[in-house]
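**Student:**
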Amino acid sequence: MTQIFAAPGRYIQGYQELERLYQHIAWFGQRFLVITTQGRLDSLRQTLALSFDNPELNLRYAVFEGEVTRAEVQRLFLLQQDQGCDGVIGVGGGKVLDAAKAVAARARLPLCIVPTVVSNDAPTSALSVFYHADGSYEDVLFHARSPDVVVVDTQVIAQAPVRLLVAGIGDALATYYEARTCVQGYRDNFLGLGSAQGGGKATLTSMAIAELCHRVLREDAVQAVRACEQNVVTKALNRVIEANALMSGIGFESNGVATAHAVYSGFSELGERASAYHGEYVAFGTLVMLLLEGAPAAELDDLLHLCLAVGLPVCLADLALGDISAEELHRVAEVAASPQQTSRVEPFEVTIREMLAALRAANDLGEFYKKGGSVLVTSDDQRPASAISKG
Ligand SMILES: [Zn+2]
Numbered sequence: 112m113t114q115i116f117a118a119p120g121r122y123i124q125g126y127q128e129l130e131r132l133y134q135h136i137a138w139f140g141q142r143f144l145v146i147t148t149q150g151r152l153d154s155l156r157q158t159l160a161l162s163f164d165n166p167e168l169n170l171r172y173a174v175f176e177g178e179v180t181r182a183e184v185q186r187l188f189l190l191q192q193d194q195g196c197d198g199v200i201g202v203g204g205g206k207v208l209d210a211a212k213a214v215a216a217r218a219r220l221p222l223c224i225v226p227t228v229v230s231n232d233a234p235t236s237a238l239s240v241f242y243h244a245d246g247s248y249e250d251v252l253f254h255a256r257s258p259d260v261v262v263v264d265t266q267v268i269a270q271a272p273v274r275l276l277v278a279g280i281g282d283a284l285a286t287y288y289e290a291r292t293c294v295q296g297y298r299d300n301f302l303g304l305g306s307a308q309g310g311g312k313a314t315l316t317s318m319a320i321a322e323l324c325h326r327v328l329r330e331d332a333v334q335a336v337r338a339c340e341q342n343v344v345t346k347a348l349n350r351v352i353e354a355n356a357l358m359s360g361i362g363f364e365s366n367g368v369a370t371a372h373a374v375y376s377g378f379s380e381l382g383e384r385a386s387a388y389h390g391e392y393v394a395f396g397t398l399v400m401l402l403l404e405g406a407p408a409a410e411l412d413d414l415l416h417l418c419l420a421v422g423l424p425v426c427l428a429d430l431a432l433g434d435i436s437a438e439e440l441h442r443v444a445e446v447a448a449s450p451q452q453t454s455r456v457e458p459f460e461v462t463i464r465e466m467l468a469a470l471r472a473a474n475d476l477g478e479f480y481k482k483g484g485s486v487l488v489t490s491d492d493q494r495p496a497s498a499i500s501k502g
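Per the numbering used here, the sequence shown starts with residue 112, numbered consecutively.
(1) Tell me whether the region 360-377 and the region 276-294 touch, counting them as touching only if at least three CB pairs, one residue from each stretch, are closer than 8 Å.
(2) Look up T147 in the DSSP assignment and say whether it is helix, strand or coil.
(3) In the region 349-411, which residue ranges form an unbroken alpha helix (DSSP H) of at least 4 residues, counting only runs that do not cross its ends?
(4) Counting Cβ pairs closer than 8 Å, one from the region 117-137 and one from the region 254-265, do we hit at least three?
(5) Using the C-alpha atoms, what's the distance from K312 back to F116?
(6) Residue range of the beta strand (DSSP E) that C223 falls in?
(7) So, using beta-carbon positions, are Y375 and Y388 closer together than 7 Å?
(8) Which residue comes first and which comes last in the alpha helix (DSSP H) that contains F163?
(9) Return the residue from the list Q266, Y242, A237 and L487 that minimises the CA-CA distance to V229.
(10) So Q124 is in the alpha helix (DSSP H); what residue range does that whole segment cover?
(11) Should V263 be listed as close to ligand 1, given that the test is whether its C-beta is under 6 Å from any heavy atom?
(12) For the structure I just gave you, are there three or more beta carbon pairs, one from the region 142-155 and one from the region 165-180, closer than 8 Å?
(13) From the DSSP output, in three-state form, read off S73 for me.
(14) Can you tell me where the alpha helix (DSSP H) with D250 in it begins and where it stops?
(15) Hey, quick one: how far does the beta strand (DSSP E) through Y172 stretch, first residue to last?
(16) In three-state DSSP terms, what is D413?
(17) Is any heavy atom in ligand 1 found nearer than 6 Å to the beta carbon of D232?
(18) Measure the beta-carbon distance from G360 to T235 and round it to whole angstroms, keeping in mind my assumption that it falls under 8 Å.
(19) So L252 packs on S239, CB below 8 Å; how close in whole Å?
(20) Under the three-state reduction of DSSP, which class applies to E212: helix, strand or coil?
(21) Closest to H243 by CA distance: which of V184, I320, I463 and N342 is it?
(22) Go to V261, then tell me how far its beta strand (DSSP E) extends in each direction, as first and last residue.
(23) Comparing the CB of V393 with every heavy atom of ligand 1, is any distance shorter than 6 Å?
(24) Which of helix, strand or coil does DSSP assign to G195?
(25) Taking G377 and V443 to be in contact with their CB atoms under 8 Å, please state how far apart those CB atoms are, rounded to whole angstroms.
(26) Which residue wins for smallest C-alpha separation from R455, given the options S485, V425 and E404?
(27) Should M105 go down as buried or exposed, given a rule of 16 or more other Cβ atoms within 10 Å for buried?
(28) Can the beta-carbon of A237 be found closer than 7 Å to that of S257?
(29) Quick test of the definition: if touching needs 3 or more C-beta pairs under 8 Å, does the region 411-423 touch the region 346-360?
(30) Taking 6 Å as the line, does the beta carbon of D209 fall inside it for any heavy atom of ligand 1?
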């Protein structure tokens, strides 16, 4: 058995940390290719000018054109070659970061990742998800090295739309449950020889990180969401940013994922009908997974309360799919239960029938909780005296 653990070379998180970027990556060299979006370009130029001695000389900017395609990575790679850069900096959301990772890997250059949202697990992982030009999924490219430096500016995160933080909490919430399934079953993580040849096995360290991720979210997620709504950085928001960006990133990559992510893939199959964020599907997928696994009522209750408290979807209507047809739901189940999907790591065969049942049961339970229902039965002696005497 080969155990493998991955993490970024250095993880830096701080208030207005972007203004100190240069000191974290000075060792890369003299010239840096900054890959970002058009919308962020001007403000980024201003911020980065604060820490680089000679921004005109040090920094070359490339605008990411919106989709992580082979052609786009090739275009950015050639740009980097023309400019003779010593390192790559990706600043933005998941897609920008995935493109920057692929460019740095291709060019064999050191890489700095600066997430501007913590809505998914892109920042710390050593993989890029590729799409076709029409936006449909192509495949995943596994890189040999994790990002060298990850810099999270908490002020930037606190100013991003709160729904993105919540989506990240959804992605991070799945981490512990999926890790548990993978670790108990000695399943492969995302590291090692690439997906085709299989990954490594988890370490005690990566499982402990997944557990801590769960604990932090239970303790701090509600406060963090409220802080983000006010655009302020508090200790609780700080901890949740670390959970979303670092713990969830290491937790999924070094332990593996299971049915929650397979359910996400099922919903993405609906094309334009799938309008929610990755982490929102993953949160609902976690509920589906726990039902599929026959998890204890207390665990379901816990998950549902947390999702409702932070505004994560607990039913199909919350995913803007209240009108989903029987055929569409069947298609979701079919994809989620297919052997190509990560539901294959469950310790039993996942059939389409069982997946469909879990999807329907999850939707029903979510609606039930929204009306104040609970799966926990209160015993007689815990009920108020008046309720008992009325018989
Ligand atoms: Zn994810």
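Where is the CB? At the ideal position from N, CA and C, for every residue including glycine.
**Tutor:** In brief:
(1) With the cut-off at 8 Å, the region 360-377 and the region 276-294 touch.
(2) strand
(3) 359-366, 370-379 and 389-404
(4) yes
(5) The alpha-carbon atoms of F116 and K312 are separated by roughly 8 Å.
(6) L222 to P226
(7) With respect to Y388, Y375 sits apart: the two C-beta atoms are not nearer than 7 Å.
(8) It is not in any alpha helix (DSSP H) - F163 carries neither H nor E in the DSSP assignment.
(9) Q266
(10) In the DSSP annotation of this structure, Q124 is not part of any alpha helix (DSSP H); the continuous beta strand (DSSP E) holding it starts and ends at R121 to G125.
(11) No, Cβ of V263 sits at least 6 Å from all heavy atoms of ligand 1.
(12) Proximity of the region 142-155 to the region 165-180 meets the contact definition, three or more beta-carbon pairs being nearer than 8 Å.
(13) Past the boundaries of the shown model lies residue 73; the chain is included only from 112 to 502, so the question cannot be answered.
(14) Careful: D250 lies outside any alpha helix (DSSP H), inside the beta strand (DSSP E) at Y248 to F253.
(15) L170 to V174
(16) helix
(17) yes
(18) 3 Å
(19) 5 Å
(20) Looking at the sequence shown, residue 212 is not Glu but Lys. In this structure, K212 counts as helix in the three-state DSSP scheme.
(21) V184
(22) V260 to D264
(23) yes
(24) coil
(25) With 8 Å as the limit, G377 and V443 qualify as a contact, their Cβ atoms being about 4 Å apart.
(26) Of S485, V425 and E404, the residue nearest in Cα terms is E404.
(27) The structure shown does not extend to residue 105, since the chain is modelled only from 112 through 502, so no value can be given for it.
(28) yes
(29) Touching, no.
(30) no
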